[in-house]
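Asks: Mind looking over this structure? Questions follow.
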Amino acid sequence: MKEKIKQERRRFVYCIAVLIDKGQKGEDYAEYILNYCADRKIFPLVQIYQDQEKFFGEIQKTIPSIVLLALQGVAGLNAAEHLRSLHPKCKMIWCSDLDFSLHAFKLRVEYFFMEPVEEQKLWEGLTACFGRR
Numbered sequence: 009m010k011e012k013i014k015q016e017r018r019r020f021v022y023c024i025a026v027l028i029d030k031g032q033k034g035e036d037y038a039e040y041i042l043n044y045c046a047d048r049k050i051f052p053l054v055q056i057y058q059d060q061e062k063f064f065g066e067i068q069k070t071i072p073s074i075v076l077l078a079l080q081g082v083a084g085l086n087a088a089e090h091l092r093s094l095h096p097k098c099k100m101i102w103c104s105d106l107d108f109s110l111h112a113f114k115l116r117v118e119y120f121f122m123e124p125v126e127e128q129k130l131w132e133g134l135t136a137c138f139g140r141r
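When you line the sequence shown up against the numbering used here, it's residues 9 to 141, in that order.
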């Protein structure tokens with residue numbers, strides 16, 4: 009099964025990971041991402057994680073192109089710092105309930121915004137990651 013997942017990942021040019029708190033609607037975020045990408049003829053693999061330990065274990069094997077972090081409070085800050093230390097070139101969109109904009113700047117986060125996660129904000133973040141087309 010793991011080998012099949014690895015083969016599937018190789019088919020996609022972009023792998024976008026969504027790391028969220030339990031109880032959030034990751035499917036909505038994935039739909040926003042897929043709408044943006046379809047509009048630009050990009051077809052990524054979007055994976056949703058609600059468990060940080062599993063997420064960080066997975067990205068040791070396969071580095072995502074972009075990570076959307078939508079975690080509450082200091083958990084988001086810790087995840088952003090940990091992600092940046094593991095993969096300095098991984099593009100990051102970070103959404104938080106607290107204003108960590110200065111930390112986001114220091115961590116070279118491509119796009120930071122405060123809750124709620126809205127399609128327009130996410131599209132702006134994806135444009136920052138993919139570049140203007």
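Glycine included, C-beta positions come from ideal geometry on N, C-alpha and C. Note that the structure is a prediction, hence the values are computed from the model and not measured.
Which residues mark the beginning and the end of the beta strand (DSSP E) in which CYS103 is found?
Replies: In the sequence shown, residue 103 corresponds to position 95, counting from 1. Its beta strand (DSSP E) spans residues 99-104.
Asks: Three-state secondary structure (DSSP) at PHE121?
Replies: Numbered from 1 along the sequence shown, position 113 holds the residue referred to as residue 121. Strand at PHE121.
Asks: Need the endpoints of the alpha helix (DSSP H) that LEU134 sits in, please.
Replies: Working through the sequence shown from its first residue, we reach residue 134 at position 126. Its alpha helix (DSSP H) spans residues 127-138.
Asks: Return helix, strand or coil for TYR57, following the three-state DSSP convention.
Replies: Looking up residue 57 in the sequence shown gives position 49. Of the three classes helix, strand and coil, the one that applies to TYR57 here is strand, per DSSP.
Asks: Helix, strand or coil for ILE74? Go by DSSP, reduced to three states.
Replies: Along the sequence shown, read from residue 1 onward, the residue named residue 74 stands at position 66. Three-state result, ILE74: strand.
Asks: Could you say if the stretch 95-104 and the stretch 114-121 meet the contact criterion of at least three C-beta pairs nearer than 8 Å?
Replies: yes
Asks: Let me check one thing: in DSSP terms, what residues is CYS23 bridge-paired to?
Replies: Position 15 of the sequence shown, counted from the start, is the residue given in the question as residue 23. Bridge partners of CYS23: LEU53.
Asks: What's the gap between the Cα of ASP59 and the Cα of GLY133?
Replies: Taking the sequence shown and counting its residues from 1, the one referred to as residue 59 is at position 51. Taking the sequence shown and counting its residues from 1, the one referred to as residue 133 is at position 125. Their backbone Cα atoms lie some 23 Å apart in a straight line.
Asks: What are the boundary residues of the alpha helix (DSSP H) that includes LEU91?
Replies: The sequence position of residue 91 within the sequence shown is 83, counting from 1. 81-94 is the span of the alpha helix (DSSP H), which, as asked, contains LEU91.
Asks: Since PHE113 is in the alpha helix (DSSP H), which residue starts that stretch and which ends it?
Replies: Here residue 113 is taken as the residue at index 105 of the sequence shown, counted from 1. PHE113 -> alpha helix (DSSP H) spans 109-114.
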